[in-house]
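Chemist: Here it is, the structure, as structure tokens.
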DNA sequence: CAGTGGTCTAGACCACTGG
DNA sequence: CAGTGGTCTAGACCACTGG
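Chains as they are written, first to last, in the numbering used here: chain A, 1 to 230; chain B, 1001 to 1230.
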């Protein structure tokens, strides 16, 4: 015998999968669900709680419960500001700005950023250090539309990631993780010729693709931890 | 005025951060928390619910609530069966079994697997191929308690991951992703001396740690995709 | 204003674990 | 067996939203 809140959860999931409730559409209220399934409101709430924490539903006090807009494709990688991550380990963060300017993207980058081929985009290149040891080489391209003042920022005060999170709040991201041999620029910037863990990350705000970042981590000094519960 | 369950949540988080409650240690029961904070059990539960879904606590019916063993450093990675993943790309999967036998783990592996130092564990070593090109070297150690018939399986029919999912359903996992240079065994098995993406993955079933797997992917042939929504 | 979700109570019965 | 977490009830009052 299945728990009642699971029955409700299945029902809601089913409605969404069948397309009866579409993204951003309002679903039944907690009271309606409680009446429909003859349970207490707390039980109906529990089903919704669970779907909210899975990112399937979104609640809004006074308004109702809605089907979430953007569906996660598959796997999840949390995005943390590297300065915070280093600080949370009790270590000292320092940054070094290598380059900040406007560039014309090549075809493939323009496509990745979803901008016209001949229009300028912003570019920044930094090295992030933990206790003075380089742990990340960050090569990033930004769609100017979402961060027009990007070139005027001081990225020693605030990482590009932190700044972009403020002006164009993240709604979505995707990642590719690879092992690569670093090229000469990266070897000298990181002061290591170890194989690198390369993360290619695209970030979205509500209105489009904000930036594409190539993040290189010396394989001997950086680990990308993960944890997952089913 | 803060909600009462948040006060309890702060208290628990604080205890853990101060090291008063250590990983895998039992925390106060729901009833004890309810009494201590003069709230109903449902409210104490809500605080714990929230910390469980964040991966900070783990509950076990009949036993209690415990501080999670491995703290998620940051990110989440979905676990897919490599044979399915290859098939889903429309490519041909083939496996090669290099070694399947019982071994005595060293201290560090015994600790990772949560078994006594001198007790045998199972070991398997395979190479996975996509259209006859090696894409993963899988070096895996298994707690025999959860898969006693492991050594009798034919891993050409069914990957270790698929078999374990059946006999000891996954409830949890953690990952470390690194870039490394492959050693000689791996170079010859993968037929490539490219830097490797190494994933160290531990998997749990309800009753404990099932296996520790070291997965090596040639950096030029494998990508670990990810996608995320906020 | 009526309706929504957010929090909370003081009970209840259950399944599960260890001793 | 006593203790644990898992589910559930039938109420309550609150803050917030729109009309």
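Beta carbons: idealized from backbone N, C-alpha and C, even for Gly. Treat the numbers as computed from the prediction; the structure is a model and nothing was measured.
1) DSSP three-state label for residue 1147 (chain B), please.
2) Anything in chain A within Cβ reach of residue 1196 (chain B), meaning under 7 Å, just list it in chain order.
3) Buried or exposed for residue 1124 (chain B), please, with buried defined as at least 16 other CB atoms from any protein chain shown within 10 angstroms of its CB.
4) By the criterion of Cβ-Cβ separation under 7 Å, what are the contact partners of residue 1119 (chain B) in chain A?
5) Give the secondary structure of residue 38 (chain A) by DSSP, where H, G and I count as helix, E and B as strand, and everything else as coil.
6) I'd like the span of the alpha helix (DSSP H) that includes residue 184 (chain A), first residue to last.
7) Roughly how many whole angstroms lie between the Cα atoms of residue 173 (chain A) and residue 200 (chain A)?
8) Can you give the beta carbon distance from residue 1102 (chain B) to residue 1129 (chain B), rounded, assuming they're within the 8 Å contact cut?
9) For a contact defined as C-beta to C-beta under 8 Å, what are the partners of residue 19 (chain A) on chain B?
10) What do you get for residue 139 (chain A), buried or exposed, if any count of 16 or more other CB atoms within 10 angstroms of its CB means buried?
11) Where residue 164 (chain A) and residue 217 (chain A) are concerned, what is the direct C-alpha to C-alpha distance, given to the nearest angstrom?
12) When burial is assigned at 16 or more other CB atoms within 10 Å of the CB, is residue 1133 (chain B) buried or exposed?
13) Would a C-beta distance cut-off of 7 Å place residue 141 (chain A) and residue 97 (chain A) closer than the cut-off?
14) Please list the terminal residues of the continuous beta strand (DSSP E) segment that includes residue 133 (chain A).
15) Name the two residues that bound the continuous beta strand (DSSP E) containing residue 66 (chain A).
16) Per DSSP, what kind of secondary structure is residue 27 (chain A) in: helix, strand or coil?
17) Can you list, in chain order, the residues of its chain whose CB lies under 6 Å from that of residue 1198 (chain B), leaving out five sequence neighbours each side?
18) Does DSSP put residue 218 (chain A) in a helix, in a strand, or in coil?
19) Hey, out of A:100, A:147, A:137, whose CA is closest to residue 155 (chain A)'s CA?
20) Got a sec: is the Cβ-Cβ distance from residue 208 (chain A) to anything in chain B below 7 Å?
21) Identify which residue in A:219, A:150, A:49, A:186 has its Cα closest to the Cα of residue 195 (chain A).
22) Going by beta carbon distance, what residues of the same chain come within less than 8 Å of residue 1009 (chain B), once the five residues before and after it are set aside?
23) Could you give the C-beta distance for residue 1209 (chain B) and residue 1113 (chain B), rounded to a whole number, given that I count them as a contact under 8 Å?
24) Excluding sequence positions up to five away, which residues of its chain have a Cβ less than 7 Å from the Cβ of residue 1064 (chain B)?
25) Determine the DSSP secondary structure at residue 1045 (chain B), reduced to helix, strand or coil.
26) What does a CB cutoff of less than 7 Å around residue 182 (chain A) pick up in its chain, not counting 5 residues either side in sequence?
27) Using 7 Å as the threshold, is the C-beta distance between residue 1081 (chain B) and residue 1159 (chain B) below it?
28) Helix, strand or coil: how does DSSP classify residue 98 (chain A) here?
29) Kindly indicate if chain A contains any beta-carbon less than 7 Å away from that of residue 1230 (chain B).
30) I'd like to know whether the C-beta atoms of residue 143 (chain A) and residue 115 (chain A) end up nearer to each other than 7 Å.
31) For a cutoff of 7 Å on Cβ pairs, would you count residue 1064 (chain B) as touching chain A?
32) What residue from B:1043, B:1024, B:1023 has the CA that sits closest to residue 1032 (chain B)'s CA?
33) Which same chain residues end up closer than 6 Å to residue 1186 (chain B) when comparing Cβ atoms and leaving out the 5 residues on each side of it in sequence?
34) Taking just the CA atoms, how far does residue 146 (chain A) sit from residue 91 (chain A)?
35) Would you list the residues sitting across from residue 196 (chain A) in a DSSP beta bridge?
36) In the DSSP assignment, the beta strand (DSSP E) including residue 58 (chain A) goes from what residue to what residue?
Modeler: In this structure, then:
1) coil
2) Those are 179, listed as they occur along chain A.
3) buried
4) For residue 1119 (chain B), there are no C-beta contacts with chain A under 7 Å, since the nearest C-beta of that chain is about 27 Å from it.
5) Coil, per DSSP.
6) Start and end: 184–190.
7) 10 Å
8) With a Cβ gap of about 26 Å, residue 1102 (chain B) and residue 1129 (chain B) do not count as contacting.
9) In chain order: nothing, as chain B lies at least about 19 Å away.
10) buried
11) 21 Å
12) exposed
13) no
14) 133–142
15) 64–67
16) coil
17) 1178, 1180, 1216
18) Here residue 218 (chain A) carries a strand assignment [DSSP, helix/strand/coil].
19) A:100
20) no
21) A:219
22) So the list reads 1047, 1050, 1051, once near-sequence residues are dropped.
23) For a cut-off of 8 Å, the C-beta gap from residue 1209 (chain B) to residue 1113 (chain B) is around 6 Å, short enough to register as a contact.
24) 1026, 1029
25) helix
26) Within the same chain, Cβ atoms closer than 7 Å to the Cβ of residue 182 (chain A) are found at 190, 193, 196, 216, the five residues on either side in sequence being excluded.
27) With a cutoff of 7 Å on beta-carbon distance, residue 1081 (chain B) and residue 1159 (chain B) are scored as near each other.
28) strand
29) Note that residue 1230 (chain B) has pLDDT 39, beneath the 50 cutoff, so the model's placement of it is unreliable and no number is given.
30) yes
31) no
32) The option with the nearest alpha carbon to residue 1032 (chain B) is B:1043.
33) 1137, 1216
34) 32 Å
35) A:180, A:218, per the DSSP bridge assignment.
36) Counting along the chain, the unbroken beta strand (DSSP E) around residue 58 (chain A) starts and ends at 57–60.
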